[in-house]
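Novice: Before I ask anything, here is the structure I am working with.
2 protein chains.
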Amino acid sequence: MRTALVVGTGLIGTSLALALTRRGVTVHLVDQDTDAARTAASLGAGTTESPGGTVDLAIVAVPPAYVAGTLAALLRADAAHGYLDVASVKGGPRRELEALGTDPERLRRYLGTHPMAGRERSGPLAATAELFEGSPWVLTPARDTDTEVLNQALELVAHCRAVPVVMDGGAHDSAVALVSHMPQLVSTLVAARLEHADDTAVRLCGQGIRDVTRIAGSDPAMWIDILSANPGPVADLLDALGEDLGEAVRVLRLLESAEPARRAEGAQGVERLLRRGNAGRARVPGKHGSTPAAYETIAVLISDRPGELARIFADAGRAGVNIEDVRIEHATGQQAGLVQLSVAPEAASGLAAALRERGWSLRA
Amino acid sequence: MRTALVVGTGLIGTSLALALTRRGVTVHLVDQDTDAARTAASLGAGTTESPGGTVDLAIVAVPPAYVAGTLAALLRADAAHGYLDVASVKGGPRRELEALGTDPERLRRYLGTHPMAGRERSGPLAATAELFEGSPWVLTPARDTDTEVLNQALELVAHCRAVPVVMDGGAHDSAVALVSHMPQLVSTLVAARLEHADDTAVRLCGQGIRDVTRIAGSDPAMWIDILSANPGPVADLLDALGEDLGEAVRVLRLLESAEPARRAEGAQGVERLLRRGNAGRARVPGKHGSTPAAYETIAVLISDRPGELARIFADAGRAGVNIEDVRIEHATGQQAGLVQLSVAPEAASGLAAALRERGWSLRA
């Protein structure tokens, strides 16, 4: 790939343009908001000059509602050899392109993709060539997708140092409904229960609810777009969850009974649900995309002064131990905190000994 | 308080006994499992010798099902001046004590409490005097509770360096249903959806679902006990959540409609839910028990070698910046990672500059 056209210079478009430019690809930038395109160019993402001919690859990174229309216009103009989009739901663009009467021969040169990169901010100023590093980037070729276009996409993904995952478009949309869209709404619904809760109750929030509701703080506008593009699979999953929720209520009501036999049945039902949850949680991949490693956790008490964490990590480094994960537990109304260090099981006792030796107070 | 009797030398009983002993209180330890009591004594939590008379304070730290029976026996024996339990649900013990025909005059000397301390392991060997530091410790005096017993409890909480919170027993049980028991079951239900999911779908799990399902890995036995003691309030909350879930399904189905007016209504409904979630999330207290501070996040790319985190924290420490929270984002199939550092807004730009200067690659 030597030339590319990036349409839409927000966070995603500008980030991938930066990665391509860094690898020597000539990138032409277009955005309905010409200021955004100029900003992206000034950051080194490419040029706002028109390509003046057919480019190797056109990448459409516009808001979901404009993806199909933009692709259709580019295809009609024969703007590129291959065409990609980066929208977070894949069924829509293809269906719309077909509905717009796109020539099937040209449609072979379109490939739907979805880089699963985090976004805390938006716009070209938030862009970075490293945005996609290590994240999955889903490619959804149809049966007749041009192999050359698939290879262009793989080249783009490699330039961005992402991890390509090939999936059927429908399977992708079901998968993100399961692992992203449904959990988002459930987190929202749990957090919504706190909206009018008593202050005293809210004071008792611990790390559990803090984790469950973290993503409930997400930007509504972004999530309306995402959910609007994938409502069916998400609704189906919430329906299934609703059945399990009904079962949870049923067995909890049995636990309220005065009859020991009914209470026992309730306890069994609760256990069944909790064990299914254990089994599902065990499937969530940990670091490096592997099955979750059984890390050991070491809890260290720290004061809230600058440098305390640095000293812990320096001491762990000196002991030659790699910290796989860190969690800081927040103390209520106090300056002290608890740091949970996750390490490989074989490293745990050595690290604990090294930290104790250096005067850290460990919690068993 | 000069003498105490701790009945039940598991994690909680042994931990508070260690804290009391450290403050010069003579602590007598009893457990149905005499080995557990001896282990606690050998750790310095007190003595297994019988008090040989009335102690100042008896603390019952036995499994929930045995709390009321143990308290009733102690009250009958006039074993102490004041009596506490530490069970995680408060309505049950008092109701059972009344049902057991406890003399109301003696019942005034019982106070139900709940230390909200984390427990990853159990048993006396996991105990530490610091277990309760900075955590809320709920005290639930009844209208006629002896003030002297309340003061004994406040002294115990102070010795354990916990933060006392006085609440009505019923309000406590509703509050923990809301901020702990309901979120636990919801996390379980989301994780359960993954139990039989396709491998490819599970590979796409990101930090969002990882956070939502973290507590789904909890020990079923512990949660059966907790939920059995508080089934009514939890079931009521799940019922209310179920109604919101039904509303979520309804508005998602509208988004599937071919009619623009219905789709617009669906989008409005989704936005309403997302905004309620935003509002609820904003109430979850952050560190130091305050309302959540608006920290700024700085994202730093690191390799997976030992010492990388140490270098970051050392560099932050040198810049005089206190890291309020850390989150490591796991990259799929790659050795590189992304570390999110949360810092006070006024410290953010200085830290970013200091880290860049020292060669770190920051993600905007």
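Residue numbers (this note's numbering), protein chains in the order written: chain A, 1 to 364; chain B, 365 to 728.
C-beta atoms are modelled at their ideal positions from N, C-alpha and C, and glycine is treated no differently.
List in chain order: all unbroken alpha helix (DSSP H) runs of 4+ residues lying wholly within the region 437-485 of chain B.
Specialist: Entirely contained in the region 437-485 of chain B, the alpha helix (DSSP H) runs reaching 4 residues are, in chain order, 455-463, 468-471.
Novice: Using 8 Å as the Cβ pair cut-off and three pairs as the minimum, do the region 229-237 of chain A and the region 498-509 of chain B touch?
Specialist: Not touching, per the Cβ criterion.
Novice: Excluding the 5 residues preceding and the 5 following A405(B) in the sequence, name in chain order all residues of the same chain whose CB lies nearer than 7 Å to its CB.
Specialist: Your numbering for residue 405(B) matches position 41 in the second sequence. Same-chain partners within the cutoff: L393, T411, T412.
Novice: Can the beta-carbon of T492(B) be found closer than 7 Å to that of R363(A)?
Specialist: By one-based count along the second sequence, residue 492(B) stands at place 128. By one-based count along the first sequence, residue 363(A) stands at place 363. It is a contact, given that the beta carbons lie within the stated cut-off.
Novice: From I590(B) to P428(B), what does the alpha carbon distance come to, in whole angstroms?
Specialist: Along the second sequence, one-based indexing puts residue 590(B) at 226. Along the second sequence, one-based indexing puts residue 428(B) at 64. Looking at the two C-alpha atoms, the distance is approximately 8 Å.
Novice: For a contact meaning CB atoms closer than 9 Å, what does F496(B) contact in chain A?
Specialist: The count along the second sequence starts at 1 and reaches residue 496(B) at position 132. Under the 9 Å cutoff, chain A gives no residues; its nearest Cβ is about 10 Å from F496(B).
Novice: Between R691(B) and the rest of its own chain, which residues show a CB-CB distance below 7 Å, the 5 nearest in sequence each way excluded?
Specialist: Here residue 691(B) is taken as the residue at index 327 of the second sequence, counted from 1. Closer than 7 Å at the Cβ level, and outside the excluded window around R691(B), lie Q704.
Novice: Assign P51(A) to one of three DSSP states: helix, strand, or coil.
Specialist: Here residue 51(A) refers to the residue found at position 51 of the first sequence. DSSP places P51(A) in coil when its eight states are reduced to three.
Novice: Can you round the beta-carbon distance between L464(B) and Y474(B) to whole angstroms, since I take them to be within the 8 Å contact cut?
Specialist: By one-based count along the second sequence, residue 464(B) stands at place 100. By one-based count along the second sequence, residue 474(B) stands at place 110. In fact, because the Cβ distance is near 12 Å, the residues do not count as touching under 8 Å.
Novice: If I measure Cβ to Cβ from D146(A) and keep anything under 6 Å in the same chain, skipping five residues before and after, which residues do I get?
Specialist: Taking the first residue of the first sequence as position 1, residue 146(A) is located at position 146. The answer, listed in chain order, is R108, R109.
Novice: So what's T3(A) in DSSP terms, helix, strand or just coil?
Specialist: Counting from 1 along the first sequence, the entry for residue 3(A) is found at position 3. Correct three-state label for T3(A): strand.
Novice: Hey, quick one: how far does the alpha helix (DSSP H) through S15(A) stretch, first residue to last?
Specialist: Position 15 of the first sequence, counted from the start, is the residue given in the question as residue 15(A). From DSSP, the alpha helix (DSSP H) with S15(A) extends over 11-22.
Novice: Are the beta-carbon atoms of A36(A) and P124(A) separated by less than 7 Å?
Specialist: For the purposes of this step, residue 36(A) is taken as the residue at position 36 of the first sequence. For the purposes of this step, residue 124(A) is taken as the residue at position 124 of the first sequence. Yes.
Novice: What distance in whole Å lies between the Cβ atoms of L609(B) and L241(A), which are believed to be in contact at a cut-off of 8 Å?
Specialist: Translated into positions along the first sequence, residue 241(A) becomes position 241. Translated into positions along the second sequence, residue 609(B) becomes position 245. L241(A) to L609(B), Cβ: 7 Å. Contact.
Novice: Under 7 Å between the Cβ atoms of R640(B) and A192(A)?
Specialist: Numbered from 1 along the second sequence, position 276 holds the residue referred to as residue 640(B). Numbered from 1 along the first sequence, position 192 holds the residue referred to as residue 192(A). Yes, Cβ-Cβ distance for R640(B) and A192(A) is below 7 Å.
Novice: Is A612(B) closer than 7 Å to L638(B) when the C-beta atoms are compared?
Specialist: Numbered from its first residue, the second sequence carries residue 638(B) at position 274. Numbered from its first residue, the second sequence carries residue 612(B) at position 248. It is not a contact, given that the beta carbons lie outside the stated cut-off.
Novice: Where R366(B) and I423(B) are concerned, what is the direct C-alpha to C-alpha distance, given to the nearest angstrom?
Specialist: What you label residue 366(B) is simply residue 2 of the second sequence in a count that begins at 1. What you label residue 423(B) is simply residue 59 of the second sequence in a count that begins at 1. Roughly 14 Å separates the two Cα atoms.
Novice: Tell whether a beta-carbon distance below 7 Å holds between A580(B) and T552(B).
Specialist: Residue mapping note: residue 580(B) aligns to position 216 of the second sequence, counting from 1. Residue mapping note: residue 552(B) aligns to position 188 of the second sequence, counting from 1. In contact: A580(B) and T552(B) (Cβ atoms closer than 7 Å).
Novice: Does the region 195-210 of chain A come close enough to the region 538-553 of chain B that 3 or more CB-CB pairs lie under 8 Å?
Specialist: These segments touch.
Novice: So, is R94(A) buried or exposed, given that buried needs 16 or more other C-beta atoms within 10 angstroms?
Specialist: Counting from 1 along the first sequence, the entry for residue 94(A) is found at position 94. Burial call: buried.
Novice: In chain order, which continuous runs of the alpha helix (DSSP H) of length 4 or greater are located wholly inside the region 194-233 of chain A?
Specialist: As far as the region 194-233 of chain A is concerned, its whole alpha helix (DSSP H) runs of at least 4 residues are 199-203, 207-212, 220-229.
Novice: My parser needs the alpha helix (DSSP H) runs of 4 or more residues fully inside the region 625-687 of chain B; what are they?
Specialist: With a minimum length of 4 residues, the continuous alpha helix (DSSP H) runs that stay inside the region 625-687 of chain B are 672-682.
Novice: For E781(B), which residues in chain A fall below 9 Å Cβ to Cβ?
Specialist: Limits of chain B in this structure are 365 at one end and 728 at the other, which puts residue 781(B) out of reach.
Novice: Taking a cut of 7 Å between CB atoms, which residues from the region 152-165 of chain A lie near chain B?
Specialist: So the close ones are V163, V165.
Novice: Confirm, please, whether the CB-CB distance from L673(B) to F313(A) is below 7 Å.
Specialist: One-based indexing of the first sequence puts residue 313(A) at position 313. One-based indexing of the second sequence puts residue 673(B) at position 309. Yes; because the gap between Cβ atoms is below 7 Å, this pair is in contact.
Novice: Would H196(A) be called buried (16 or more neighbouring beta carbons within 10 Å of its own) or exposed?
Specialist: By 1-based counting over the first sequence, the position of residue 196(A) is 196. Under this definition H196(A) is an exposed residue.
Novice: Taking beta-carbon pairs under 9 Å, can you tell me which members of the region 666-687 of chain B lie near chain A?
Specialist: Per Cβ criterion, the list reads D668, R669, P670, G671, E672, L673, A674, R675, I676, F677, A678, D679, A680, G681, R682, A683, G684, V685, N686, I687.
Novice: Going by DSSP, which residues form a beta bridge with G337(A)?
Specialist: As a first step, residue 337(A) is located in the first sequence; it is residue number 337 there, counting from the start. DSSP lists I302(A) as partners of G337(A).
Novice: Name the two residues that bound the continuous beta strand (DSSP E) containing R727(B).
Specialist: Looking up residue 727(B) in the second sequence gives position 363. Looking at the DSSP string, the run of the beta strand (DSSP E) that includes R727(B) is 725-727.
Novice: For V157(A), which three-state DSSP category applies?
Specialist: As a working note, residue 157(A) is residue 157 in the first sequence. Three-state result, V157(A): helix.
Novice: Quick check: is the beta carbon of P579(B) nearer than 7 Å to any beta carbon in chain A?
Specialist: The sequence position of residue 579(B) within the second sequence is 215, counting from 1. Note that residue 579(B) is Ile in the sequence shown, not Pro. Output row for I579(B): interface = yes.
Novice: Please confirm whether V212(A) has its beta-carbon closer than 7 Å to some beta-carbon of chain B.
Specialist: Looking up residue 212(A) in the first sequence gives position 212. So yes, V212(A) belongs to the interface.
Novice: Rounded to the nearest angstrom, how far is the Cβ of A153(A) from that of L84(A), given a contact under 8 Å?
Specialist: Mapped onto the first sequence, residue 153(A) falls at position 153. Mapped onto the first sequence, residue 84(A) falls at position 84. With 8 Å as the limit, A153(A) and L84(A) qualify as a contact, their Cβ atoms being about 6 Å apart.
Novice: If you reduce the DSSP assignment to three classes, tell me which class L619(B) lands in.
Specialist: Along the second sequence, one-based indexing puts residue 619(B) at 255. The answer is helix: DSSP assigns L619(B) an H, G or I state.
Novice: Among A437(B), A436(B), Y430(B), R470(B), which has the Cα closest to the Cα of S452(B)?
Specialist: Working through the second sequence from its first residue, we reach residue 452(B) at position 88. It is Y430(B).
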